[in-house]
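Here is the structure we will look at, set down as C-alpha cells.
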Amino acid sequence: MVKRFDLELLNTLVTAVEQGSLSAAVPILCRSQSTLSEQVRKLEQQCGVPLLVRGKQGVVPTPAGERLVDHARKLLALNDTAYQDMQGLLMAGDVRLAITDYFRPDWVPTLLRRIRGRYPRLRLHVAILKSALIEQEVTAREYDLGISMVLPDVVPESFADAGQRRLLRREPLCWVAHSSLELTSSEPVPIVALPASCALHRYTMGMLESHRRPYYIAHSASGVAGMHLALSAGLGVACLNASAVPEGLTRSAGALNLPRLPPVRFHMTSSTPAVSALVAEVRGMLARSAR
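Per the working numbering, residue 5 is the first one in the sequence shown, and the count goes up by one each step.
Below you can see the structure in the form of C-alpha cells.
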C-alpha cells in the first residue's frame with residue numbers, strides 16, 4: 005500500500021533546502037527549530053533514507069532529498085492551485101518584475117518557478133536591469149515590482165507613500181577570488197567588475213583609490229554570471245554581495261590589503277501604493293522568500 009506524504013512536512017523540507025538551514029526556515033514557517041527538525045525526521049523515517057546532510061554551514065539535500073524536493077515543489081504548487089480554485093482565487097494576469105542580477109542569482113530561478121507553479125495563469129515578465137534604472141522604471145510604472153541594490157553611501161529618494169518601498173535584506177560586501185589566483189599584497193590588484201556604468205563598480209573603485217590601493221581592470225563583464233566565469237578562471241578579484249558569491253571562491257580582503265566594505269541593502273519597490281491582488285500576492289512571495 006502506497007503511503008501518502010504530509011504536505012506540511014514536504015513544505016518544511018523544501019523551505020529548509022531553499023533557505024539553506026532549518027534556523028533560516030523558522031521565521032518563514034513560524035515554527036520552532038526543534039519542531040522543524042522533528043518534521044524532517046518524520047519525513048526521513050517515512051522515506052527510509054536520509055534527506056538532509058546537516059553541518060555547521062546549514063543543510064544540503066542528499067541525492068534522495070533532491071529528488072523528493074523536486075516532487076514536493078510540484079505537489080505544493082498543485083495544492084495551492086486547487087485551494088485557490090475552490091476559493092475563487094485562481095488569479096490571472098500580467099506581472100512585470102525588474103531585478104538586479106546581484107540579488108541572489110542562484111536562488112532567483114527557483115523563486116520564479118515557485119511563483120509560476122502557484123499561479124499557472126500568471127504571465128510573468130522579468131527583466132534584469134541596473135538598480136538605478138529599476139528605480140526609474142518602476143517609478144514610471146514600466147514595471148509593477150522592482151528589486152534593487154542600494155549602496156552604503158546612497159539614500160534612496162522618498163516615495164509619496166512609504167508603502168511603495170520595502171527593505172528585503174542587508175548583505176555584506178566582500179572581496180573574492182579563486183584560490184588559483186596568486187597575488188601579493190604589494191602588487192596591483194587585477195579587478196573583475198561590470199562596466200563603469202555600474203554603481204557598485206564606481207563605488208568599489210572609489211574605495212580602492214581612497215585607500216591608495218593600486219589596481220587595474222583585468223576583466224569587464226556584462227553581468228554577474230560573466231563575473232563568476234572570470235573569477236573561476238582566476239582572472240582577478242571582484243567585489244560581490246554575499247548572496248552573489250558562488251561556491252569555490254575565497255574572501256581576499258585581509259590577504260591582499262583591500263579596504264573593508266560596509267553592507268548593502270536590497271529594496272523591493274512597487275509602482276503604486278495600491279497594487280492589484282495578483283501583484284500583491286507576488287510581492288508577498290518575494291518578501292517572504294527573500295529573508
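We put the CB at the ideal spot given by N, CA and C, even for glycine.
Which residue from V154, A237, A102 puts its Cα closest to that of I132?
A102
Given 8 Å, three or more beta-carbon pairs between the segment 212-231 and the segment 189-198:
yes
When the distance is taken between beta carbons, is G227 closer than 8 Å to D105?
yes
Environment of S184 [buried if 16+ CB atoms lie within 10 Å]:
exposed
Please confirm whether S274 and Q140 have their CB atoms less than 8 Å apart.
no
According to the neighbour-count rule (16 or more other Cβ atoms, all chains shown, within 10 Å of its Cβ), is K134 buried or exposed?
buried
Please state if the CB of V268 and the CB of P154 are separated by a distance shorter than 8 Å.
Note on residue identity: the sequence assigns Val, not Pro, to residue 154. In contact: V154 and V268 (Cβ atoms closer than 8 Å).
For a test of the three-state rule: what should DSSP assign to R206, helix, strand or coil?
helix
So G121 is in the beta strand (DSSP E); what residue range does that whole segment cover?
No beta strand (DSSP E) holds G121; the alpha helix (DSSP H) holding it covers 112-122.
On a CA-only basis, which of R292, P277, L14, S236 is nearest D148? Give me that one, please.
P277
Do V249 and W179 have their beta-carbon atoms positioned less than 8 Å apart in this structure?
no
Only counting the same chain, and skipping five residues up and downstream in sequence, which positions put a Cβ closer than 6 Å to that of V64?
V57
To the nearest angstrom, how far is it from the Cα of G21 to the Cα of R216?
Here the sequence assigns Val to residue 21, which means Gly is not the residue at that position. Those two C-alpha atoms are separated by around 42 Å.
I want to know whether the segment 199-217 touches the segment 230-237 - three or more CB-CB distances under 8 Å.
no
Among S214, S152, A200, nearest to A225 - alpha-carbon criterion:
A200
Quick check for students: name the residue ranges of the alpha helix (DSSP H) that lie wholly in the segment 217-286, counting only runs of 4 or more.
228-236
State buried or exposed for A181, treating a residue as buried only when at least 16 other CB atoms are found within 10 Å of its CB.
buried
Do you know offhand how far E146's Cα is from R170's?
19 Å
Nearest-angstrom Cβ-Cβ length linking A68 and C51, presumed shorter than 8 Å:
7 Å
Give every residue of the same chain whose Cβ lies closer than 7 Å to the Cβ of T254, excluding the five residues on either side of it in the sequence, and list them in chain order.
V180, A181, S183
Give the DSSP bridge partners of E175, in chain order.
V268
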